[in-house]
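So the structure is just underneath, and the comments pick up after that.
The structure is reproduced here in structure tokens:
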């Protein structure tokens, strides 16, 4: 099924009801919303629409020749043992391990690094289909208890349970309606802080399928062994119902740090509470019904403040205040008039993280042109002590505390499945010794090459792009190519290993590219802001420039180019298809934000207004209406595109328990695309298929079991291969 009109038979799309009477007025501008009824996930009409679209998608996928080849080969390569970095609590070590095809990774405990490991927590035992996932966890300082959060079917809702580690018995504690929460123990091991929302008035039978807005986040303290109804309310802010909060205990156990967030921007308020000043401890507030007496250190949203370490009242913070690439500062929180720069902002590189280790040292991670650099510095002075050797790639995890002399560092890259390094900081020159290395059977990295190029965007800004392919390919324009992007929320796409990308390159001759467009965090906060709010069009221009370069440089042709992205990246894909349907042969948009005028009305969507703006504001409405995927579907044959008379083949992917970007976004766009381009006109030039892959017992992506991930890979990439006429080779 090719990507040019005439090469394929037209699909027969199921009839979908339109209600053109639904019209909203935005600052004097009427906007129709004919598929508003799809916003109700429980209505029979919506269920019927979903069922018909699932049937249509399966009929298309059944004709994709390499679906089973992909499923088999990805399964074969994915079947390899994987380890996480170990961490120590009390006198025990903990680490995650997956034997290969286990639905979820298992948490192990051992007395020493070379001691016998025992299963502590196996999420696979909690459901038959692997859809119960461990989403967060925290071990008490003494190693006696683990509090852990479980999510079902990919939902953001979490239920926290507590286990006694010695006998591996789960206690009766059960904390519900937890979302977007960490778990932080007080050092006495009596309990922990967590964040939750008020229980809904009507308790959903299937939490995660609802679309209700999330408001009034609160911080509670839970005492082990008690009922949730007895938990101590530590903080709430009913005057600002959209705020969210995070509470954590400092590493010395003396302070509770409260962070307040108004959205997704890297900015926060920061308050503190000194535990020893509470005459009856935290539990004393159970009787008074008052909130903890937090002291306001930072009471605005001007910058981000993240605690790195403290010696008593003297705190070291990582901040972007007057430093868009971040720096380290120090302040006496009892005398906050004087702030001192300890590690000034770097001219080019972004300070990604800083961890206090080995007493008075810092493990510092910089990002330089989307590649990570590790350094050991002096905590007191910020002076450089050692550069740690690291090949080109990404630091995937750092496991250490201030008291640790050993640091464990996870590393990955496009051609490195994963290495856990152990670095002992007591030696004169610290060495990065391989502690564990992941090996993928049948993968030989010498058969592939990765390079980074820089692409000139529309306004001349240089955009980094990684290109992975078989070694020494000829640039003759013949290669099927996959271009992936995100571009939002200060999130960086750093090099990482992907079995499915390896299979595409190895067995189907694909060139796989990752574009580091603006809106991400690759070059700090200025790079982020250059692709947000009024500047969002820069993201699309950057991505389009990368696509054009892949064609002009001889990697591929527009007929053989597929674009892919998820969440904010799903928005990216849909917007680029609307703006340049002539440039692509196929598009895969996962769980995308597609209705830019109404996203803030559902679940946690209101938090994204910091990146997008909000249609309630007149100026911001005019930003959004220009690129909102739902509102910019146009028939390309009625416009002046040189190469194009139709949209590329499109697969929109969503899931019934996605309570982050709720499915209505993809469902409404799917109905709109099929109507405008296909069913509203006889003998339409649109023969490239437009389908939706709608998963069940699945969410935004986190916690998805291995088999579901592999099934989705087989579906979306066999569809892509079929549309681009890519063929399978062993």
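Residue numbers (the UniProt record's numbering): 1 to 730.
In this text, a Cβ means the ideal position worked out from N, Cα and C, and glycines have one as well.
Residue i - DSSP class collapsed to helix/strand/coil
i, result
"residue 354", "strand"
"residue 170", "strand"
"residue 728", "coil"
"residue 124", "helix"
"residue 513", "strand"
"residue 367", "strand"
"residue 636", "helix"
"residue 234", "strand"
"residue 381", "coil"
"residue 407", "strand"
"residue 114", "coil"
"residue 423", "strand"
"residue 35", "coil"
"residue 215", "coil"
"residue 24", "strand"
"residue 187", "coil"
"residue 559", "helix"
"residue 771", "The displayed coordinates of the chain run from 1 to 730. Any statement about residue 771 would go beyond what the structure contains."
"residue 529", "helix"
Status (buried if at least 16 other CB within 10 Å, exposed otherwise) for residue i
i, result
"residue 6", "Here residue 6 scores only 35 on pLDDT, less than 50, and its place in the model is too uncertain to base an answer on."
"residue 518", "buried"
"residue 607", "buried"
"residue 404", "buried"
"residue 729", "exposed"
"residue 201", "exposed"
"residue 643", "exposed"
"residue 527", "buried"
"residue 471", "exposed"
"residue 715", "buried"
"residue 217", "buried"
Residues near residue i by beta carbon distance below 7 Å, same chain, minus five either side
i, result
"residue 333", "272, 297, 313, 315"
"residue 463", "454, 455, 457, 515, 516, 517, 542, 545, 546"
"residue 595", "628, 630, 665, 668"
"residue 574", "589, 592, 594, 629, 669"
Contacting residues, own chain, Cβ-Cβ under 6 Å from residue i (five flanking each side not counted)
i, result
"residue 292", "234, 273"
"residue 110", "93, 117"
"residue 261", "244, 268"
"residue 14", "52"
"residue 511", "469, 479, 481, 555"
"residue 538", "518, 530, 531"
"residue 84", "95, 96"
"residue 717", "70"
Cβ-Cβ distance between residue i and residue j below 9 Å
i, j, result
"residue 224", "residue 162", "yes"
"residue 208", "residue 154", "yes"
"residue 373", "residue 390", "yes"
"residue 502", "residue 466", "no"
"residue 509", "residue 520", "no"
"residue 194", "residue 219", "yes"
"residue 34", "residue 19", "yes"
"residue 653", "residue 591", "yes"
"residue 139", "residue 152", "no"
"residue 440", "residue 664", "no"
"residue 603", "residue 264", "no"
"residue 700", "residue 661", "yes"
"residue 49", "residue 38", "yes"
"residue 694", "residue 649", "no"
"residue 165", "residue 136", "no"
"residue 388", "residue 409", "yes"
"residue 363", "residue 355", "yes"
"residue 705", "residue 304", "no"
"residue 175", "residue 159", "yes"
Own chain residues within Cβ distance below 8 Å of residue i, not counting five before or after
i, result
"residue 634", "578, 676"
"residue 394", "371, 372, 411, 412, 413, 494, 495, 496"
"residue 486", "493, 517, 519, 520, 565, 566, 567, 568, 569, 572"
"residue 460", "none"
"residue 281", "275"
"residue 451", "466, 467"
Contact test: residue i Cβ vs the ligand COA heavy atom, cutoff 8 Å
i, result
"residue 215", "This structure lacks the ligand COA, and indeed carries no ligand of any kind."
Checklist entry - Considering only residues of the stretch 239 to 314, which uninterrupted beta strand (DSSP E) runs meet the minimum length of 3 residues and lie entirely inside it, listed in chain order? => result 244 to 249, 255 to 261, 269 to 274, 295 to 298, 305 to 311
Checklist entry - Considering only residues of the stretch 435 to 511, which uninterrupted beta strand (DSSP E) runs meet the minimum length of 3 residues and lie entirely inside it, listed in chain order? => result 448 to 456, 462 to 470, 481 to 484
Next on the checklist: Quick check for students: name the residue ranges of the alpha helix (DSSP H) that lie wholly in the stretch 567 to 632, counting only runs of 4 or more.
Outcome noted: 568 to 579, 609 to 612, 618 to 627
Checklist entry - Which parts of the stretch 309 to 349 are runs of the beta strand (DSSP E), unbroken and 3 residues or longer, counting only runs that do not cross its ends? => result 314 to 319, 327 to 332, 335 to 343
Checklist entry - Quick one: complete beta strand (DSSP E) runs, 3+ long, within the stretch 634 to 714? => result 649 to 655, 690 to 695
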